[in-house]
Amino acid sequence: MSEVMKKNDTNLTQYRPATDILEREDGFYIYMDLPGVAKDALVIDLQEDELTVTGTTSYDLPEGETFTEMQFGNGQYRRTVSLSDIVDRERIRANLKNGVLELFLPRVEKTQPKRIQISQG
Amino acid sequence: MVLDFNTLYSPFDRFDKLFEDFLRPGFGGQRRLTYPPLNLSQDQDNIVVRAEIPGVDIEDIELTLTDKTLVIKGERKAEEGKYYRQERPAGVFHRVINLHVPVDRERVGASMKDGMLTVTLPKTEEVKPRTISIEAE
Chain A
3 MSEVMKKNDT
13 NLTQYRPATD
23 ILEREDGFYI
33 YMDLPGVAKD
43 ALVIDLQEDE
53 LTVTGTTSYD
63 LPEGETFTEM
73 QFGNGQYRRT
83 VSLSDIVDRE
93 RIRANLKNGV
103 LELFLPRVEK
113 TQPKRIQISQ
123 G
Chain B
100 MVLDFNTLYS
110 PFDRFDKLFE
120 DFLRPGFGGQ
130 RRLTYPPLNL
140 SQDQDNIVVR
150 AEIPGVDIED
160 IELTLTDKTL
170 VIKGERKAEE
180 GKYYRQERPA
190 GVFHRVINLH
200 VPVDRERVGA
210 SMKDGMLTVT
220 LPKTEEVKPR
230 TISIEAE
């Protein structure tokens with residue numbers, strides 16, 4: 003089975019969360035809107051260069067309540083971001099607050115230019 | 100969708116991604132026209148308004164209740180920095196909800212959790228359904 007099929011085998015409606023990606027002096031920041039996703043229902047996977055965020059919402063109506071109007075519902079948020087080589091993968095930080103996931107992707111410390119010695123044979 | 104953020108990538112993966120985005124329900128067709136999206140529900144005692152407003156503190160949301168409407172007002176501020184991609188709506192939002200039944204304004208409650216605002220509006224006593232006992236002669 004292809005990777006695409008595997009990803010869609012859930013019954014939940016999939017949404018792409020609205021995402022901001024921006025750069026500040028210390029590195030890159032990603033903000034994702036994940037309303038209704040609790041910390042336990044959020045998974046962040048880093049596989050090689052791909053960072054995948056998956057979150058599920060559970061908006062079950064309390065007993066006895068009926069909908070008059072419904073503009074959002076249960077679903078799964080999923081989004082993949084490719085990371086560039088200048089991101090320090092070991093120091094990525096994530097923080098979920100008020101339904102917004104903040105990812106901080108620090109830059110790799112600058113490597114010093116190195117002179118390569120040539121040996122004479 | 101993937102950000103062009105990588106210097107090395109496989110073009111085959113890229114094609115897969117494109118395909119995947121295209122197949123996904125909720126992409127395109129179901130775009131939200133209004134912000135924030137609302138769910139209205141009710142039970143015997145209350146009308147409940149729920150809205151997805153991620154990233155805003157409850158202190159920064161202004162709720163106004165008039166005779167027939169509930170107004171939700173607030174502002175989402177954009178983050179500071181050099182943007183590569185900006186999809187999250189920013190700016191002032193404003194939604195008016197018509198209330199079809201009178202509510203008890205003294206007991207209105209609002210809470211915020213995981214970016215979801217819940218406003219509970221208790222119905223006034225007069226409009227609650229009640230059973231009328233019929234006395235048989």
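Chains as they are written, first to last, in the working numbering: chain A, 3 to 123; chain B, 100 to 236.
From the three backbone atoms N, C-alpha and C, an ideal C-beta is built for every residue, glycine too.
It should be emphasised that the depicted structure is a prediction, and the values quoted were computed from it without experimental measurement.
Along the region 23-37 of chain A, going in chain order, the ones with a CB nearer than 7 Å to a CB of chain B are Ile23, Leu24, Glu25, Arg26, Tyr31, Tyr33, Asp35, Leu36 and Pro37.
The bridge partners DSSP lists for Asp51 (chain A) come to none.
Not one beta carbon of chain B lies nearer than 8 Å to the beta carbon of Phe106 (chain A).
The residue from A:Met34, A:Asp42, A:Thr70 and A:Leu85 with its alpha-carbon nearest to that of Asp51 (chain A) is A:Leu85. Within 10 angstroms of the beta-carbon of Asp35 (chain A) lie 16 or more other beta-carbons, which makes it buried. Chain order gives the chain B residues near Leu63 (chain A) as Ser140, where near means a beta carbon separation below 8 Å. The beta carbons of Met215 (chain B) and Gly38 (chain A) sit about 5 Å from each other, so the pair counts as a contact at 8 Å.
Between Gly66 (chain A) and chain B, the shortest Cβ-Cβ separation is below 8 Å.
Listed along chain A, the residues sitting closer than 7 Å to Glu186 (chain B) by beta-carbon distance are Ala20, Thr21 and Asp22. Contact of Thr58 (chain A) with chain B is not assigned, every C-beta pair being separated by 8 Å or more. Here DSSP, grouped into helix, strand and coil, assigns Ala235 (chain B) to coil. In the displayed model, Ala43 (chain A) falls within a helix according to three-state DSSP. If you compare the alpha carbons of A:Thr82, A:Glu65, A:Asp42 and A:Arg26 with that of Arg18 (chain A), the shortest gap goes to A:Thr82. Between the region 137-146 of chain B and the region 62-71 of chain A, the count of C-beta pairs closer than 8 Å reaches three or more; the two stretches touch.
Going by beta carbons, Pro108 (chain A) and Asp90 (chain A) fall inside the 8 Å limit.
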